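Residue numbers (the numbering used here): 6 to 491. Glycine is no exception: its CB is placed at the ideal position from the N, C-alpha and C atoms. Only a predicted model underlies this, so the values are computations on that prediction, with no experimental measurement involved.
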């Protein structure tokens with residue numbers, strides 16, 4: 006007889022009832038082939054004595070196993086493992102077997118996708134210089150939380166808690182349309198807006214819907230890595246154009262269009278990612294003209310439009326688009342906090358409707374209650390006041406961070422003060438290799454963003470984005486003192 010006392014684990018401190026622990030142990034023993042189909046089991050009395058538990062507990066476990074067809078009772082003979090179960094190969098019995106352990110590896114063939122990278126997640130006690138995120142400590146979270154509670158109390162509640170419009174909450178689309186029209190010079194209605202879980206989702210949906218395998222696309226030589234990956238997942242042929250101090254070089258785009266049928270161009274014209282440069286007005290006009298001439302889509306990612314410090318921000322390409330060539334994406338994650346996953350896409354209604362139908366099969370819809378709560382923040386003017394406050398604070402932090410970077414790093418790093426955004430593109434001297442610097446910083450409890458994915462293929466720019474918006478003066482001083490000590 007098998008050593009059931011050691012094979013069946015019972016932990017009375019667990020919340021799970023003991024009879025279910027016995028059930029799961031028996032199922033696992035059968036699946037492992039330790040108990041084979043047709044095997045006879047000890048009676049309930051004998052098993053209860055072995056396990057030192059009440060007989061009624063064993064009977065309850067057996068009843069559950071009968072109900073699930075793992076066991077069968079043969080009159081006058083006893084209790085057996087169901088003989089009709091498929092037989093599995095027996096595994097060796099371990100002295101300390103854990104029947105509840107989940108497999109560490111799949112039993113089927115699996116190849117990791119080389120285009121993905123594993124991000125470094127800083128420990129909770131790390132001081133962090135991120136890629137350029139807002140300071141969540143100043144976010145209007147109390148008001149958002151209050152609005153969320155209010156939204157949950159709306160009547161009738163089923164109007165908001167069932168499956169709803171894949172395009173997103175109508176109230177937020179209406180107020181967002183009005184906000185974008187006033188601040189970005191657009192001419193939209195709510196039908197031109199699709200709400201998403203962040204801007205990267207909007208980018209992914211647009212690419213997956215409008216770019217087919219083999220289509221040719223253009224991105225900047227330095228570019229937002231997630232957009233590059235989205236194109237790779239669509240199996241597009243990617244061409245790259247240079248990026249200089251005036252943004253993506255439109256003349257290179259024109260040459261590529263003369264030799265190839267280009268389907269889409271991805272740009273971050275307001276603050277190019279990662280280098281933060283702003284695409285100049287004449288290049289913007291030329292890019293729109295090329296789109297009309299060659300028929301390619303412009304996917305405009307305006308991830309941090311509201312944070313421009315030295316003068317009023319340039320209006321997006323979409324504001325001058327009269328022929329429906331631009332798909333415009335943005336995010337409220339930078340406005341409120343990265344974890345508040347609300348982004349948006351602006352496009353002609355027919356495109357929004359098509360992309361919404363595709364979105365339905367991978368995500369169905371966003372959080373309509375959260376979207377409703379954010380809509381109320383707009384209606385109350387709270388988002389607008391928060392942006393005004395954040396703009397002033399981040400402007401001060403940009404200048405302070407730049408000053409400290411010069412003081413602490415000296416000639417080890419070169420940078421141009423960005424006109425906007427939340428990060429400084431920092432180029433380190435060859436005498437200060439970033440991979441070594443990052444490792445040393447980690448050992449001192451300082452996280453610095455990885456840098457290799459910012460570099461074009463077969464190049465090492467030895468440069469990275471150093472975010473300033475989320476750091477107060479004391480944190481900047483501490484972080485850059487560590488960085489400058491190496």
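- When C-beta atoms of the region 401 to 418 are compared with those of the region 464 to 473, three or more pairs fall below 8 angstroms, so the two segments count as touching.
- Listed in chain order, the alpha helix (DSSP H) elements of length 4 or more contained wholly in the region 190 to 262 are 204 to 215, 230 to 238.
- With a 10 Å radius around the Cβ and a threshold of 16 neighbouring Cβ atoms, residue 422 comes out exposed.
- For the 7 angstroms CB-CB criterion, residue 207 and residue 374 do not form a contact.
- Residue 321 places its beta carbon less than 7 angstroms from that of residue 189.
- Residue 56 and residue 73 have their alpha carbons spaced roughly 22 angstroms apart.
- Counted as a single uninterrupted DSSP element, the beta strand (DSSP E) harbouring residue 335 occupies residues 331 to 336.
- Only buried fits residue 273, as 16 or more other CB atoms lie within 10 angstroms of its CB.
- Assigned with DSSP and collapsed to three states, residue 137 falls in coil, not helix or strand.
- According to the DSSP assignment, residue 272 belongs to the beta strand (DSSP E) that extends over 267 to 272.
- Relative to residue 379, the option among 323, 269, 180, 158 whose CA is nearest is 180.
- Of the other Cβ atoms in all chains shown, fewer than 16 fall within 10 Å of the Cβ of residue 116; this residue is therefore exposed.
- Here the alpha carbons of residue 427 and residue 403 stand approximately 8 angstroms from one another.
- Taking the Cβ atoms as the reference, residue 293 lies roughly 7 angstroms from residue 330, within the contact range of under 8 angstroms.
- Residue 481 places its beta carbon less than 7 angstroms from that of residue 406.
- Contiguous alpha helix (DSSP H) elements confined to the region 272 to 304 occur at 286 to 299, taking only those with 4 or more residues.
- Fully enclosed alpha helix (DSSP H) runs of no fewer than 4 residues occupy 439 to 448 of the region 407 to 453, in order along the chain.
- With fewer than three CB-CB distances shorter than 8 angstroms, the region 446 to 463 does not count as touching the region 352 to 360.
- In chain order, 86, 92 place their CB closer than 7 angstroms to the CB of residue 41, counting only its own chain and leaving out the 5 sequence neighbours on each side.
- When the Cα atoms are used, residue 251 and residue 225 turn out to be separated by approximately 12 angstroms.
- Short of 8 angstroms from the beta carbon of residue 175, and not among the five residues preceding or following it, lie these beta carbons of its own chain, in chain order: 195.
- In this chain, the alpha helix (DSSP H) harbouring residue 489 covers 478 to 489.
- By the beta-carbon neighbour count (other beta carbons within 10 angstroms, threshold 16), residue 339 is buried.
- For residue 355, the enclosing alpha helix (DSSP H) begins and ends at 354 to 364.
- In the DSSP annotation of this structure, the continuous segment of the beta strand (DSSP E) that includes residue 350 starts and ends at 348 to 351.
- The alpha-carbon separation between residue 219 and residue 140 amounts to approximately 41 angstroms.
- Residue 271 sits away from residue 241, with the two beta carbons spaced by 7 angstroms or more.
- The alpha-carbon of residue 328 is positioned some 7 angstroms away from that of residue 297.
- Sequence-distant partners of residue 193 (beyond 5 residues in either direction) whose C-beta falls short of 7 angstroms from its own C-beta, in its chain, are 182, 185, 186, 351.
- Burial check for residue 305: the Cβ neighbour count within 10 Å reaches 16 or more, so the residue is buried.
- For residue 468, the uninterrupted beta strand (DSSP E) run begins and ends at 468 to 472, by DSSP.
- Contact between residue 488 and residue 451 holds: their C-beta atoms lie close to 7 angstroms from each other, under 8 angstroms.
- For residue 85, the enclosing beta strand (DSSP E) begins and ends at 83 to 86.
- The C-beta distance from residue 377 to residue 165 rounds to 7 angstroms, short enough to fall under 8 angstroms.
- DSSP, read as helix, strand or coil, puts residue 76 in strand.
- Shown here, residue 313 sits in a strand according to DSSP, grouped into three states.
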